[in-house]
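Trainee: Numbering (this note's numbering), first residue to last: 190 to 551. Provided herewith is a single structure, encoded as structure tokens, for subsequent inquiry.
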């Protein structure tokens, strides 16, 4: 972590979320993963220190105590001693037989004479199977973004940027001509999420990628979806947007919808099924796509006419008469080639006609 004077907000954010990050990693792995934390701080050669380090440890309280003592100070000229920080990070007491992830947080580029200095360290990290997830903080300029993207791409990690609630295009720097503080250069085509969610999700992916299949099956079965609504929310939101685009101009006076519980294939999807219907209703209401029939009323009707979840084609007019719903949103959760998918279709409640459908990976 860059700990020069402008990094105070990011240090405070990490202090306030690192405990939750640790707890969520432990919960994801159901005790099968031992998480160790370490830290390398860096500033510049004109400051009171160039680098400081805390070795990797499974004693979380000790690490947390070190983190609480970190402050932001120094700096001056824009580039910082990132290369020195990376060198210290690569030399930490890593376990050879482990998932090795680094989250590098900075708002300034590296001080270097040539990009070869950075790419050489990236090659060393890749050889040690250490992945860098680089995090661009406020006022990171384009050069700094390039440095971070190179490091992440060469080590098979990801580049992440903090938005502070901003949207749209910015080159950073917070100048009168370009007041934005965030360098991301992607337009508005992204979803804002909290840093702790991003960190946990990337750790989760690495656990899934490298774990044996028995552990993966256990993790899928016991996964608490309510703790990770962002990913599920985005997938379902994507599907519903596709459906609404397909029906644009053809809805006429149809204004209401009954959301059926998803049909599922496999007991491991039961918990997710319950969460999906909640998220679906939230999205429909939030964006005012369609008015949603009250859940309790819907469940009573389903029991009365003995519908089999998503398999609603015949008898739809009966649903319209009982509920007043113009449309039915039916869905299914299942696997295609080992990949979990969500299929949704919007049905005309009067005719049983499928008006639109969408399939997304979950």
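All C-beta atoms, glycine included, are put in the ideal place defined by N, C-alpha and C. These numbers were taken from a predicted model, which means no experiment stands behind them.
Report the rounded CA-to-CA distance for residue 276 versus residue 229, giving the unit in angstroms.
Mentor: As a working mapping, residue 276 is identified with position 87 in the chain shown. As a working mapping, residue 229 is identified with position 40 in the chain shown. Taking the straight line joining both Cα atoms gives about 10 Å.
Trainee: Does DSSP put residue 411 in a helix, a strand or coil?
Mentor: For this step, residue 411 is matched to residue 222 along the chain shown. In this prediction, residue 411 scores a pLDDT of 46, lower than 50, which makes its location untrustworthy; the coordinate-derived value is nonetheless stated afterwards. If DSSP states are grouped into helix, strand and coil, residue 411 belongs with the helices.
Trainee: Provide the residue(s) that pair with residue 530 in DSSP beta bridges, ordered along the chain.
Mentor: Taking the chain shown and counting its residues from 1, one reaches residue 530 at position 341. Partner(s): 523 and 550.
Trainee: With a threshold of 6 Å on Cβ separation, who are the neighbours of residue 298 within its own chain once the five nearest residues in sequence on each side are excluded?
Mentor: For the purposes of this step, residue 298 is taken as residue 109 along the chain shown, with counting starting at 1. Excluding positions up to five away in sequence, the list reads 268, 332, 333 and 336.
Trainee: Would you say residue 445 and residue 540 are within 9 Å of each other, going by their C-beta atoms?
Mentor: If you number the chain shown from 1, residue 445 lands on position 256. If you number the chain shown from 1, residue 540 lands on position 351. No; because the gap between Cβ atoms is not below 9 Å, this pair is not in contact.
Trainee: Going by Cα to Cα distance, which pick from 437, 203 and 473 is closest to residue 425?
Mentor: Residue mapping note: residue 425 aligns to position 236 of the chain shown, counting from 1. Answer by Cα proximity: 473.
Trainee: Note down the Cα distance separating residue 280 from residue 314, rounded to an integer number of angstroms.
Mentor: Indexing the chain shown from 1 puts residue 280 at position 91. Indexing the chain shown from 1 puts residue 314 at position 125. Going by the C-alpha atoms only, they are around 10 Å apart.
Trainee: Using CA atoms only, rank isn't needed, just tell me which of 422, 453 and 479 is closest to residue 443.
Mentor: Along the chain shown, one-based indexing puts residue 443 at 254. It is 479.
Trainee: Taking C-alpha atoms, which residue in 322, 326 and 328 lies nearest to residue 342?
Mentor: Here residue 342 is taken as the residue at index 153 of the chain shown, counted from 1. The residue with the shortest Cα to Cα distance from residue 342 is 322.
Trainee: Determine the DSSP secondary structure at residue 328, reduced to helix, strand or coil.
Mentor: The residue given as residue 328 occupies position 139 in the chain shown. Looking at residue 328 - three-state DSSP - the assignment turns out to be coil, as it is neither helix nor strand.
Trainee: Answer yes or no: do residue 387 and residue 349 have a C-beta to C-beta separation smaller than 9 Å?
Mentor: Residue 387 sits at position 198 when you count from the first residue of the chain shown. Residue 349 sits at position 160 when you count from the first residue of the chain shown. In this structure, residue 349 lies closer than 9 Å to residue 387 by Cβ.
Trainee: Run the CB neighbour count on residue 533, radius 10 Å, all protein chains shown included, and call it buried at 16 or more, exposed below.
Mentor: If you number the chain shown from 1, residue 533 lands on position 344. When all chains shown are included, residue 533 counts as buried.
Trainee: Is residue 226 closer than 9 Å to residue 252 when the C-beta atoms are compared?
Mentor: Against the chain shown, residue 252 aligns to sequence position 63. Against the chain shown, residue 226 aligns to sequence position 37. It is a contact, given that the beta carbons lie within the stated cut-off.
Trainee: Since residue 588 sits in a beta bridge, which residues does DSSP pair it with?
Mentor: A query on residue 588 cannot be resolved here, the shown segment of the chain reaching from 190 to 551 and no further.
Trainee: Report, in whole angstroms, the separation of the C-beta atoms of residue 525 and residue 392, which I expect to be a contact under 8 Å.
Mentor: Indexing the chain shown from 1 puts residue 525 at position 336. Indexing the chain shown from 1 puts residue 392 at position 203. Contact doesn't hold; Cβ gap of about 26 Å is too wide.
Trainee: Buried or exposed for residue 294, please, with buried defined as at least 16 other CB atoms from any protein chain shown within 10 angstroms of its CB.
Mentor: The sequence position of residue 294 within the chain shown is 105, counting from 1. By the neighbour-count rule (16 or more Cβ atoms within 10 Å), residue 294 is buried.
Trainee: Have a look at 301, 194 and 340 and flag the residue whose alpha-carbon is nearest the alpha-carbon of residue 308.
Mentor: Taking the first residue of the chain shown as position 1, residue 308 is located at position 119. Answer by Cα proximity: 340.
Trainee: Residue 303 to residue 272, Cα distance in whole Å?
Mentor: Here residue 303 corresponds to residue number 114 of the chain shown, with the count starting at 1. Here residue 272 corresponds to residue number 83 of the chain shown, with the count starting at 1. Approximately 11 Å, taken between the alpha carbons.
Trainee: Which full runs of the alpha helix (DSSP H) of 4+ residues lie inside the stretch 454–480, going along the chain?
Mentor: 459–475
Trainee: Using the C-alpha atoms, what's the distance from residue 520 back to residue 549?
Mentor: For the purposes of this step, residue 549 is taken as residue 360 along the chain shown, with counting starting at 1. For the purposes of this step, residue 520 is taken as residue 331 along the chain shown, with counting starting at 1. Those two C-alpha atoms are separated by around 11 Å.
Trainee: With a threshold of 16 other CB atoms inside 10 Å of the CB of residue 482, please say whether the residue is buried or exposed.
Mentor: Position 293 of the chain shown, counting from 1, holds the residue named residue 482. Note on residue 482: 16 or more other CB atoms within 10 angstroms of its CB, so buried under the neighbour-count rule.
Trainee: Who are the near neighbours of residue 421 in its chain, counting only those whose CB is closer than 8 Å to its CB and skipping five residues on each side?
Mentor: Taking the first residue of the chain shown as 1, we reach residue 421 at position 232. Same-chain partners within the cutoff: 414, 461, 464, 465, 468 and 551.
Trainee: What is the residue span of the beta strand (DSSP E) that residue 227 lies within?
Mentor: Position 38 of the chain shown, counted from the first residue, corresponds to residue 227. Residues 226–231.
Trainee: Would you list the residues sitting across from residue 299 in a DSSP beta bridge?
Mentor: One-based indexing of the chain shown puts residue 299 at position 110. Answer is 269, bridged to residue 299.
Trainee: For residue 445, report the span of its beta strand (DSSP E) as first-last.
Mentor: The residue labelled residue 445 in the question sits at position 256 within the chain shown. Per DSSP, residue 445 belongs to the beta strand (DSSP E) from 445–448.
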